[in-house]
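Q:
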Amino acid sequence: MVWRVLLTVVVVIGVAFGAFYAWAWNSEIPPTNAPAALFDPGIVAKGAQLAAVGDCGICHTQAGAKPYAGGFPVQTPFGTIYGTNITPDPETGIGSWSETAFRRALHEGVDRTGNHLYPAFPYDHFTHATDSDIGALYAFLMTREPVAKANRAPAVPFPLNVRLFAAGWKLLFLHKGQIPPDASKSAEWNRGEYLAESLGHCGACHTPRNVLGAEKRDAQFAGGQSEGWLAPALNAASPAPVSWTAEQVYAYLRNGFAKQHGLAAGPMQPVVRNLKKAPDADLRAIATYVASLAGSQNDAEREQKMQAMLDFARSRDSKVPMPLSGAITTSTRAGAEPGRTNDDSTAPSGAVIFLGACASCHHSGGELPVSRPIELGLSTPVNAPDPAALLRIVLDGIHPSSGERGPIMPGFSGALTDPQITALVSHVRSQFSRQPTWPNIAAALTKVRQNKEPATEAP
Ligand code: HEC
Ligand code: HEC
Ligand code: HEC
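Its first residue numbered 1173, the sequence shown is counted upward by one per residue in my numbering.
#1: What are the start and end residues of the beta strand (DSSP E) that includes A1188?
#2: Give me, in chain order, the residues of the same chain whose beta-carbon lies closer than 7 Å to that of P1413; leave out the 5 immediate sequence neighbours on both sides.
#3: So I1215 packs on A1311, CB below 8 Å; how close in whole Å?
#4: Which term fits S1521, buried or exposed, when burial requires 16 or more other beta carbons within 10 angstroms of its beta carbon?
#5: Between which two residues does the beta strand (DSSP E) containing Q1397 stretch?
#6: What I want to know is whether the C-beta of I1546 ends up closer than 7 Å to one or more non-hydrogen atoms of ligand 5.
#7: Might you give, ordered along the chain, the residues of its own chain that have their beta carbon closer than 7 Å to the beta carbon of H1599, omitting 5 neighbours on each side?
#8: Assess, as a yes-or-no matter, whether the region 1185-1196 is touched by the region 1250-1266 under the definition of 3 or more beta carbon pairs within less than 8 Å.
#9: Please classify E1475 as buried or exposed, where buried requires at least 16 other C-beta atoms within 10 Å of its C-beta.
#10: For S1270 and T1204, which I take to be in contact (beta-carbon distance under 8 Å), what is that distance rounded to the nearest angstrom?
#11: Per DSSP, what kind of secondary structure is Y1122 in: helix, strand or coil?
#12: Nearest to E1280 by CA position, among G1267, A1560 and P1294, is which residue?
#13: Rounded to the nearest angstrom, what separates C1533 and M1581 at their Cα positions?
#14: Looking at the unbroken beta strand (DSSP E) that takes in Y1254, where does it start and where does it end?
#15: Quick check: the Cα distance between R1316 and D1471, rounded to an integer number of angstroms?
#16: Take the Cβ of M1173 as the centre, count every other Cβ of all protein chains shown within 10 Å, and call the residue buried at 16 or more, exposed below.
#17: Rounded to the nearest angstrom, what separates H1297 and H1347 at their Cα positions?
#18: Consult DSSP for I1351 and reduce its assignment to one of helix, strand or coil.
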């Protein structure tokens, strides 16, 4: 009797595993010679725009190396997975891939020979892309310069390095198929949803992930992480003091700056730089969709919140002590500890550092020669649940992309010590935001300093 039960259990497990294996098994798609067919230039141009929306160049280009030839490290909590060579080189790239094999990779996360790919490649979004958009991407990539550059093996520990695990992940979290249009919404909104959810993969950074690294479906756009940065919530939980309008999201995506919110920094910067190649109508569509995520706040409510914020900032302005000359340098004596508060006379005072380093530009009222920075109280990093973004801005400053005009803020990485930056950031939070204070700015600063520079865009 007992052995019968055991045997049944073993058989059931065996069958289940066999079924999973059969399900997970993918055939190799035979290699083709690099397609001799001439691609329609119009389709190639469309593919270029879609590749920009999909950030293909970011993850498939190593800093300083040839575009699309791979080697960019995608950091995940499970290890580092390198973007592969997607130039048409037949040996090391995808030159021998047919369009069918390419489409299967984007829709199902399977490479030409049948291996499962890791979801660091955001095919959980690309799976929603239409066949014709994928065809255009294929035409664009197949007309790039072929580069011979071998792929780097993923640095993930056992057992995750067994690619069959990716199949298990897909069984749980890959939801294939087109996104059904919402008939109650405008054509523009539906176009925006399609672009943001599929190739745009906005949720890859802006949606929190579960322990297995999949986006939480019940917390879409509730705020996520990317390269040590906080990608703020874009839904009703957005920390922006004044909610985003479609016009403002459009300005932010088009120029990297929205007057009532501030500018794109960190990993959002290369996203914006890529979007420069996207047509205006597509950006407006994405903006319409994104602005709708936060729910409705009408103009009157928005105006009221803005005014309340400005009043708050001005009431705080008058409480700032007058600058003490030399205060910043005298407070840098050795032994000053991070995180000390203003009432410790030996620690640098955040308010005094602010006056010396920041207030010349960030004060209420008056005009800078070009344009005044936004009220700090309106800035998302200042109101965010985590100080990483503000710390990054203080360390690096803000610089326009090379060859472009734009507002400049100096970086203070070399000019201020860690205890000074900690005190300053603590002051900025309490001075300009009505959100709770940040508990451990010094530890966050150490982490931000360790994080490498944000990725650059493929030319
Ligand atoms: C967030 C980073 C990221 C983005 C954005 C991205 N990829 Fe990838 N892609 C990867 C990684 C990482 C891999 C390798 C996965 C693996 O090794 O399992 C990959 C693999 C691939 C593969 C399989 C290639 C091979 O040799 O197996 C193709 C094809 C591909 N990507 C195309 C694209 C296209 C087209 C786009 C833009 C629409 C794109 N990727 C955007 C990270 C990315
Ligand atoms: C690679 C990760 C990544 C991707 C992909 C990404 N974002 Fe972001 N996004 C960020 C980060 C990080 C920030 C915060 C930037 C900062 O603090 O300046 C941000 C900021 C934003 C903001 C400003 C929010 C605020 O309140 O300040 C908007 C709007 C936005 N992203 C929209 C989008 C849209 C739309 C897409 C898709 C087309 C997208 N993002 C794709 C990482 C990303
Ligand atoms: C030379 C003028 C200048 C100085 C000095 C300066 N800033 Fe800025 N700051 C700018 C400009 C210009 C911007 C970008 C335009 C904007 O965001 O409105 C900016 C943007 C910011 C932002 C981002 C706002 C957002 O969300 O987009 C923060 C936060 C900030 N500054 C804080 C500081 C702090 C803290 C200091 C002192 C350590 C400082 N700044 C010193 C000019 C300056």
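Note that the Cβ used here is the ideal one computed from N, Cα and C, for glycine as well.
A: The relevant details are as follows:
#1: Taken as a continuous stretch (DSSP letters only), A1188 belongs to no beta strand (DSSP E), being part of the alpha helix (DSSP H) at V1174 to A1196.
#2: K1477, M1481, G1549, L1550 and N1555
#3: 5 Å
#4: buried
#5: G1396 to S1398
#6: As presented, the structure is devoid of ligand 5, carrying ligand 1, ligand 2 and ligand 3 as its sole ligands.
#7: G1522, A1523 and F1526
#8: no
#9: exposed
#10: Rounded, the Cβ-Cβ distance is 5 Å, consistent with contact.
#11: Any answer about residue 1122 is impossible in this case: the structure gives the chain only from 1173 up to 1631.
#12: P1294
#13: 9 Å
#14: G1251 to Y1254
#15: 47 Å
#16: Per the 10 Å Cβ criterion, exposed.
#17: 9 Å
#18: coil
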